[in-house]
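There are 6 protein chains.
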Amino acid sequence: MSTVKLLTDREADAIPAVKAVFDDIRATRKSEFINNFWRGLANDPALLKRTWEGLKAVMTVEGALDPLVREMVYIAVSTANGCSYCVHSHTAAARARGMTEAQHAELLAVIGLAGQTNHLVTAMQIPVDPEFDVSAN
Amino acid sequence: MSTVKLLTDREADAIPAVKAVFDDIRATRKSEFINNFWRGLANDPALLKRTWEGLKAVMTVEGALDPLVREMVYIAVSTANGCSYCVHSHTAAARARGMTEAQHAELLAVIGLAGQTNHLVTAMQIPVDPEFDVSAN
Amino acid sequence: MSTVKLLTDREADAIPAVKAVFDDIRATRKSEFINNFWRGLANDPALLKRTWEGLKAVMTVEGALDPLVREMVYIAVSTANGCSYCVHSHTAAARARGMTEAQHAELLAVIGLAGQTNHLVTAMQIPVDPEFDVSAN
Amino acid sequence: MSTVKLLTDREADAIPAVKAVFDDIRATRKSEFINNFWRGLANDPALLKRTWEGLKAVMTVEGALDPLVREMVYIAVSTANGCSYCVHSHTAAARARGMTEAQHAELLAVIGLAGQTNHLVTAMQIPVDPEFDVSAN
Amino acid sequence: MSTVKLLTDREADAIPAVKAVFDDIRATRKSEFINNFWRGLANDPALLKRTWEGLKAVMTVEGALDPLVREMVYIAVSTANGCSYCVHSHTAAARARGMTEAQHAELLAVIGLAGQTNHLVTAMQIPVDPEFDVSAN
Amino acid sequence: MSTVKLLTDREADAIPAVKAVFDDIRATRKSEFINNFWRGLANDPALLKRTWEGLKAVMTVEGALDPLVREMVYIAVSTANGCSYCVHSHTAAARARGMTEAQHAELLAVIGLAGQTNHLVTAMQIPVDPEFDVSAN
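In structure tokens form, the structure reads like this:
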């Protein structure tokens, strides 16, 4: 149950601006599978296009971070934001990029620890140490 | 301005259970610097000890994830939780572990993108695709 | 599956303080439908009454903001808080107040953008520009 | 104190890709003022450009929602996400677009109410009423 | 630096609806001190009145929970929401109601633990055990 | 549907380090029931052990706070973090420790009120009153 319609392939194919994005998703990912997120965004072809192009630029190109690391960071943010769908989709993506069980377990441990110390810091309202100031560099 | 006292070195040294943890932090990190987080936790030596041992086990030992990756995951969680102190301290820690400007920039881009798509997914209440089900594996 | 009982009409009618609120909800909304939120709150008639009166004062009276705008702001907060039920109920309410597909699509775009820049700002710990200070006005 | 350098005008002007965006911000906003957010993003010209273009497309073009409404939605998301800088900058932007004190007061009331009912709903784990299902439409 | 004006006593006294609430806050709390939260809300006398009456009903009357317990719950919510002001004000209120250092330390430990397990649960997307279903009772 | 496997009793018994923790959970709680959270953590015996020992130290020992109060604080944090599973499991735990309907209703009222004032404070960006400074004590 979503707050927007999820476009079927037939509905998506009928809107050229949507079809173009779906085709690019399939070509970039080398897979026929289009997940529900894009089917929801397809109600607004301009938002769909901007969002896909942003994601493509950040997640799929060569860069300074390993693509698997980017997926793990994505899981971390999605967890802290409580986005169930996002945790599922990016855990699947991380597995597809080779995340091992041991790496997943460590990722969970870091996420849990950060959750704990974030709460402790906020409850104590700890002031930032001047040593952390990057502008001093 | 914090909600607890931040123990000075003199005060910490006067409590053997606190001194033992501070000594271990210094030895593990090969640095004399004890940041404010530990000085706040030192009001409860048992909580200080448990928290430090948890962090030491997760962040400093050899493992399946590069220590720098763990710090970047920590930054990601801390950002989504809005913990200012934690963002500062773990960005400093990531830099100390060799994070380059290019890596930091990519990390920011992934965090921003995840923030965006997390919100879009939640606003649309997208149902999880069955293809993401790990139990089907 | 909820953590409290959801009162049926029969159970609600048996408690005068609950019946009075349910009657007022029906009269104010010109509809027989009482959604589950109120059925859960009905376990505590005083909390039910206070919450309904607060909502009635803020959401249903004439004011400086269009009622549809108020519902869109409600969706925005509910999304950022990850409240699935609230996103559903206020999207339905916004549609009932005339929200078009184009307005919904723009709302989603703004919510997504805010999610993104909120995360970027927090990760960079950007200091507030003095130009934003209202007290200077 | 930020985790990235905030580029001065002189530093920004020395990087053509940054200068181009800053020029466009100034032209679009008809103001010389470049706030700190963009000065932080300028460390990564590609992220700066993508973020500005996304914001420009969502916040400044003609659309189905009044520009002031979009700013109020932005304030709502930023509040729920606890982004202090964003609350300041978008409250200033809303005022610049004509938000009255009465409108601001109502916005605050809706945000506060949503915060309250979001928490009540989550604590009671209220199930979504089938009446809210858009797919039934 | 706030996004609204903080009314001084002189300004508050000039608005009868505000003065009435400030008088009641002082009488209820048996203290001349009016903290900034109320001075900000005073820009909207109706919101000020509703908020104060809600808080008075929940926090100051005799009830099933000890007033100190209510303050500790308030700190817990405020911490998870990242509300710095609220953490400060309710920690001060809890101390005024007799919270000992030992109680505060335990509160911090519970808040930190909950932060940790909340994140672990969300990252693992643990399904709710049927044994937790209250409606089965 | 979880992102990790939930270990059955048979699978748990086959891993001595997991069996030892499950045995301790059962002995400590005087119940055969092992809820799904621990079955998910069991994929990483070290994380399982650390998490259980942390929880046992904080939630089950004699201390300055009543065990029921600790469970109510846990519910408060879990609600603000939007952790559905955690709200369910700790509400069940609080009931098992004797939480009455009247106490639960008051807990809900405090959580809702805190959600409201947290949002109001953040939207107004209220500065901390110097009177709240503990270091002045």
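Residue numbers (the working numbering), protein chains in the order written: chain D, 13 to 149; chain Z, 13 to 149; chain V, 13 to 149; chain B, 13 to 149; chain L, 13 to 149; chain R, 13 to 149. For glycine and all other residues, C-beta sits at the position ideal for the given N, C-alpha and C. Computed from a predicted structure; not experimentally measured.
Interface partners of residue i on chain V, CB under 9 Å
i, result
"I87 (chain Z)", "A135"
Partners in chain L for residue i, counting only beta-carbon separations shorter than 7 Å
i, result
"D145 (chain V)", "M13"
"N93 (chain Z)", "G94"
Distance between residue j and residue i (C-alpha atoms, nearest Å)
i, j, result
"A26 (chain L)", "R41 (chain B)", "39 Å"
"H6 (chain D)", "T103 (chain V)", "This structure leaves residue 6 (chain D) out entirely; chain D is present only between 13 and 149."
"E113 (chain B)", "V133 (chain R)", "17 Å"
"L60 (chain Z)", "T72 (chain R)", "18 Å"
"K17 (chain D)", "F144 (chain Z)", "20 Å"
"N48 (chain D)", "A58 (chain L)", "44 Å"
"A121 (chain V)", "G75 (chain Z)", "40 Å"
"F45 (chain Z)", "T15 (chain R)", "39 Å"
"A88 (chain Z)", "I123 (chain Z)", "6 Å"
"A117 (chain L)", "C98 (chain R)", "22 Å"
"V85 (chain B)", "A105 (chain V)", "16 Å"
"G110 (chain V)", "D78 (chain B)", "15 Å"
"R82 (chain D)", "V81 (chain Z)", "10 Å"
"N149 (chain L)", "L125 (chain L)", "Residue placement at N149 (chain L) is poorly supported in this model, since its pLDDT is 47, which falls under 50; the coordinates still yield a value, given next. Taking the straight line from one Cα to the other gives about 28 Å."
"I138 (chain L)", "W50 (chain R)", "10 Å"
"A24 (chain V)", "P142 (chain L)", "27 Å"
"W64 (chain L)", "S101 (chain D)", "44 Å"
"E29 (chain Z)", "M13 (chain B)", "In the sequence as presented, Glu is not what sits at residue 29 (chain Z); that position holds Ala. Their Cα atoms are separated by approximately 34 Å."
"R22 (chain R)", "G127 (chain L)", "30 Å"
"L53 (chain V)", "I37 (chain V)", "13 Å"
"A135 (chain D)", "M136 (chain Z)", "33 Å"
"T119 (chain L)", "V140 (chain B)", "In the sequence as presented, Thr is not what sits at residue 119 (chain L); that position holds Leu. Going from the Cα of L119 (chain L) to the Cα of V140 (chain B) covers about 33 Å."
"R115 (chain Z)", "A108 (chain L)", "The sequence shown places Gln at residue 115 (chain Z), not Arg. Approximately 47 Å, taken between the alpha carbons."
"D56 (chain D)", "L19 (chain D)", "11 Å"
"S43 (chain V)", "A39 (chain D)", "50 Å"
"T129 (chain B)", "R62 (chain R)", "35 Å"
"S90 (chain L)", "S90 (chain V)", "17 Å"
For residue i, the first and last residue of its enclosing alpha helix (DSSP H)
i, result
"A117 (chain B)", "E113 to M136"
"R22 (chain V)", "D21 to D25"
"V89 (chain Z)", "P79 to A92"
"E74 (chain D)", "Premise fails: E74 (chain D) is in no alpha helix (DSSP H) and is neither H nor E."
"A105 (chain V)", "S96 to A108"
"F34 (chain L)", "P28 to R41"
"E65 (chain Z)", "P57 to L67"
"F45 (chain L)", "Careful: F45 (chain L) lies outside any alpha helix (DSSP H) and carries neither H nor E."
Contacts of residue i in chain B (Cβ-Cβ under 7 Å)
i, result
"V140 (chain D)", "M13"
Neighbouring residues, chain L, relative to residue i (Cβ below 8 Å)
i, result
"R82 (chain R)", "E118 and V122"
Partner residues on chain Z for residue i, Cβ-Cβ distance less than 7 Å
i, result
"V16 (chain D)", "M136"
Checklist entry - According to a CB-to-CB cut-off of less than 8 Å, which residues of the stretch 114-136 of chain V neighbour chain Z? => result Correct list: L119, L120, I123, G124, L125, A126, G127, Q128, T129, N130, H131, L132, T134, A135 and M136.
Next on the checklist: What are the residues in the stretch 55-80 of chain R lying within 7 Å of chain Z by C-beta distance?
Outcome noted: Against chain Z - using a Cβ distance shorter than 7 Å - the residues of the stretch 55-80 of chain R are R62, G66 and A69.
Checklist entry - Mind listing which residues of the stretch 99-114 of chain V have their C-beta closer than 9 Å to chain Z's C-betas, in chain order? => result So the list reads V99, H100 and T103, given in the order they occur along the chain.
Next on the checklist: If contact is defined by three or more beta carbon pairs under 8 Å, each pair taking one atom from either stretch, is the stretch 85-103 of chain Z in contact with the stretch 33-50 of chain B?
Outcome noted: The stretch 33-50 of chain B vs the stretch 85-103 of chain Z: no contact.
Checklist entry - Would you say the stretch 65-84 of chain B touches the stretch 61-71 of chain V, given that touching needs at least three Cβ pairs under 8 Å? => result Output reads no: the stretch 61-71 of chain V does not touch the stretch 65-84 of chain B.
Item to check | Residues, ordered as in the chain, of the stretch 42-55 of chain V that lie near chain B by beta-carbon distance below 9 Å | outcome: Against chain B - using a Cβ distance shorter than 9 Å - the residues of the stretch 42-55 of chain V are F45, N47, N48, F49, R51, G52, L53 and N55.
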